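Chains as they are written, first to last, in the working numbering: chain A, 1 to 267; chain B, 1001 to 1345.
Below is one structure; the comments refer to it alone.
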Amino acid sequence: MSAPAGTTTAGVGGVPLLEARGVVKSFGRVRALRGASFTVFPGEVVALVGDNGAGKSTLVKTLAGVHRPDEGQILVEGKPVDFASPVDAREAGIEVVYQDLALASELEPASNLYLGREITRPGVLGKLGFLDKREMRRRGDESFRDLGVKIQDTSASVAAMSGGQRQGIAVARAVMWASRVVFMDEPTAALGVVQTRNVLDLIKRVRERGIAVVLISHNMPEVLEVADRVEVLRLGRRVARFTRGDVTMEQIVGAMTGAIEHTEDAA
Amino acid sequence: MSRTDATLAAEEAELDDAVPTESSAWWARLATVSSLWIGLILVGLIVAFSILEPSTFLSVDNGRNISTDAAILLVLAVGQTFVIITAGIDLAVGSTLVFAGVISAKMMHTTGGDNGGTVVVGLISGLVAGGAWGLLNGFLVAKAKITPLIVTLGTFGMALGAALVITKGIDEREIPYKLIDGIGTGRVFGQVPWLVVIALGVALGFGILLAQTRFGRYTLAIGSNPEAARRAGIDVDRHLMKVYTLAGVLAGLAGFLSLARFGTTTIGGHSTDNLQSITAVVIGGTSLFGGIGSILGTVFGVFIPAVLQNGFVITGVQPFWQQIAVGAVLVAAVYLDQLRRSRNR
């Protein structure tokens, strides 16, 4: 069966930055991923869409080192890798902004940016574990400014900040440490109109820095606005890939729900 | 800048966002300014009693009395602060103090002699004995995932029981004179009691550890959001074990200091130390929900009940009022903490 018009393999050339090939992952009798593939090219925003239960979260967690695939391969810049833990994925330059953000809300923004990777003072004090708070705050402020995250008082605790600001802090943290890919799981789900706007702008700015962004979202207008490509997951496998410009919302939704049938792509 | 200002700024900047704006009473706003207000209360009490009884309350001797009485509790409360910041609780500190005191006394007795060496043996064995209970608490909380309240309620009974078994219920009174004379009643430059110097040194050292180092940062982060800490690559279980062990070691030190001060193991005298230390920590602005706290606040929280007690005695008020006043301050402190949190949610 031939793919319908509008379905194209990605127009972005070159070696994929991060790739999943035929990943199978089961939890007990539940087969969450049934040979799922996924591709991220350098410097793009790619949306990963799919209905609830399509396997998006499992796929993200597999690519982030939380789960290990039962079958299939993960490749970073064309080379097969084996992530034993999230730390391995992080060392490969892959960061995830989870939906719950995972911020310590009693701490200030800079403390969250550097949580687990603190900058210590030079010399003996640093060896004793003394923190260089000023340096962390300075670099934190710099990173918020670069990304356009507006925080009036960066010495206040995160608890005092709005949902959009918190999202901004979590994204800034991921960007600070990611050298290749940032995954964002439903980053606008809990936000109002203005803040959603800010987060979408933020995603574009992250791309401008040369870091690829994987956007997991249910919101189709949002996906169409910000994503360069769209990959659709259904029942644990990739069923369609679209490039922005030659895809409509109906096509994406059709692929998600199975109303429009596709062959399993050859990746 | 204060939390209040930050909250206001956030509200102004993000009008579409539902930051709660109610409860703008002055006392609610005051509550958001860390542990500053509790320091002011302490100063207020000292000023009030000084005006009422300038000659007796406001004397060097009396200051020395209050500080000496508070010293051992302060050492316990410093450890308790770390534990409560992780959103835990340590009910076993008083029993650990007693157990460590018993082991320390027995070890000094066995070693024999009455010199510096004997005292050092007593100190080390007290710290190790206390640390062992702390480590057990930490292991059960972090690895066995039993709630801290139950774990330390269990070891509260076990440590005291073990102390009673070892001593057959009779206090050990043969404490080296060197220890009692040196640390128990001795003074630095003939003025400041060694007990006070040691307790304040502990508070200063661990205050810096909490506020300035990676260890303190992890303690706060785990109390604030353990899942976030875990995802940031922090070994949460290991850190929790360290924190409970720290509280145990400090209880061991307190047991050693108690031997120095009283010249006996005072087995029956520490059944409410746990509640007193928790009260001090909470009055000092450390949150029972975890993630917020300071050692400076705890120092204030230890001294407020001590000053009240002493001040009531000197001004001729029935000292039993102290218990009522401290209880009320405790409830108020927790209420203000809740207000602060709900404002920020």
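Don't be surprised by glycine CBs; every beta carbon is placed ideally from N, CA and C.
Remember, predicted model here, so these are calculated numbers, not experimental data.
Query                                                                                                                                                             : Result
Is Arg234(A) helix, strand or coil by DSSP?                                                                                                                       : strand
Ignoring anything shorter than 3 residues, give me the beta strand (DSSP E) runs that lie fully in the segment 85 to 143 of chain A, in order along the chain.    : 94 to 97
Among Val1043(B), Ile1183(B), Val1334(B), whose alpha-carbon lies nearest the alpha-carbon of Trp1194(B)?                                                         : Ile1183(B)
Give a yes or no on whether 8 Å exceeds the smallest Cβ distance from Phe130(A) to chain B.                                                                       : yes
What three-state label does DSSP hand Thr272(A) in the structure shown?                                                                                           : The structure shown does not extend to residue 272(A), since chain A is modelled only from 1 through 267, so no value can be given for it.
Three or more C-beta pairs under 8 Å: does that hold for the segment 1241 to 1256 of chain B against the segment 1093 to 1109 of chain B?                         : yes
Distance check for Trp1037(B) and Glu1022(B), CA to CA, integer angstroms please.                                                                                 : In this prediction, Glu1022(B) has a pLDDT of 37, which is less than 50 and means its spatial position is unreliable; nothing more can be read from the coordinates.
Using a Cβ-Cβ cut-off of 6 Å (strictly less than) and excluding sequence neighbours within five positions of Asn1274(B), which residues of its own chain qualify? : Leu1091, Val1093, Gly1094
Name, please, each residue of chain A whose Cβ falls closer than 7 Å to the Cβ of Glu1172(B).                                                                     : In chain order: nothing, as chain A lies at least about 38 Å away.
Comparing alpha-carbon positions, which option in Val40(A), Ala32(A), Gly22(A), Val23(A) lies nearest Ile211(A)?                                                  : Val40(A)
With distances taken between CB atoms, is the gap from Ala47(A) to Val206(A) smaller than 8 Å?                                                                    : no
Can you look up Ser162(A) in the DSSP assignment and give me helix, strand or coil?                                                                               : coil
Determine which residues of the segment 1222 to 1239 of chain B have a Cβ less than 8 Å from any Cβ of chain A, and write them out in chain order.                : Gly1223, Ser1224, Asn1225, Glu1227, Ala1228, Ala1229, Arg1231, Ala1232, Gly1233, Ile1234
By DSSP, does Gly65(A) sit in helix, in strand, or in coil?                                                                                                       : coil
Could you give the C-beta distance for Val158(A) and Asn198(A), rounded to a whole number, given that I count them as a contact under 8 Å?                        : Wrong, their Cβ atoms sit about 17 Å apart, outside the cutoff.
Helix, strand or coil: how does DSSP classify Phe38(A) here?                                                                                                      : strand
Please say whether Val223(A) and Leu215(A) have beta carbons closer to each other than 8 Å?                                                                       : yes
At 7 Å on the CB atoms, spell out the chain C contacts of Gly72(A), in chain order.                                                                               : This model lacks chain C altogether; the protein chains it does include are A and B.
Taking Cβ positions, are Thr1298(B) and Thr1081(B) nearer each other than 8 Å?                                                                                    : yes
Taking 8 Å as the threshold (C-beta atoms), are Arg166(A) and Gly107(A) in contact?                                                                               : Per the sequence presented here, residue 107(A) reads as Leu, with Gly not at that position. Taking 8 Å as the Cβ cut-off, Leu107(A) and Arg166(A) do not qualify as a contacting pair.
Could you give the DSSP three-state label for Lys1178(B): helix, strand or coil?                                                                                  : helix
Using a C-beta cutoff of 8 Å, does Gly65(A) count as contacting chain B?                                                                                          : no
Taking the alpha carbon of Glu225(A) as the reference point, which residue from Ala64(A), Met249(A), Leu125(A) has its own alpha carbon closest?                  : Met249(A)
Can you give the Cα-Cα distance for Thr1272(B) and Thr1056(B), rounded to whole angstroms?                                                                        : 29 Å
Would you please verify whether the beta carbon of Glu222(A) is less than 8 Å from any beta carbon of chain B?                                                    : no
Could you check the C-alpha separation between Val1329(B) and His1109(B) for me, to the nearest Å?                                                                : 43 Å
CB Ala172(A) to CB Val149(A), shorter than 8 Å?                                                                                                                   : yes
The ligand NAP and Leu131(A): does the residue's C-beta get closer than 7 Å to at least one heavy atom of that ligand?                                            : Absence of the ligand NAP is noted for the structure shown, with no ligands found whatsoever.
Which residue comes first and which comes last in the beta strand (DSSP E) that contains Phe27(A)?                                                                : 18 to 27
Rounding to the nearest angstrom, what Cα-Cα distance links Asp1069(B) and Gly65(A) in this structure?                                                            : 54 Å
I think Ile74(A) touches Ala20(A), with their Cβ atoms under 8 Å apart; what is that distance to the nearest whole Å?                                             : 6 Å
Decide if Asp246(A) is buried, meaning its Cβ has at least 16 other Cβ atoms within 10 Å, or exposed.                                                             : exposed
Under a three-way DSSP split, which group does Asp185(A) fall into?                                                                                               : strand
What are the start and end residues of the beta strand (DSSP E) that includes Val45(A)?                                                                           : 45 to 49
For Ala1162(B), which residues in the same chain have their Cβ closer than 7 Å to its Cβ, ignoring the five residues on either side in sequence?                  : Phe1099
At the level of alpha carbons, what is the spacing between Arg1029(B) and Thr1286(B)?                                                                             : Below a pLDDT of 50, predicted positions are generally treated as unreliable, and Arg1029(B), at 48, falls in that range; the measurement from the model is reported next regardless. Rounded to whole angstroms, Arg1029(B) to Thr1286(B) spans 17 Å at the Cα level.
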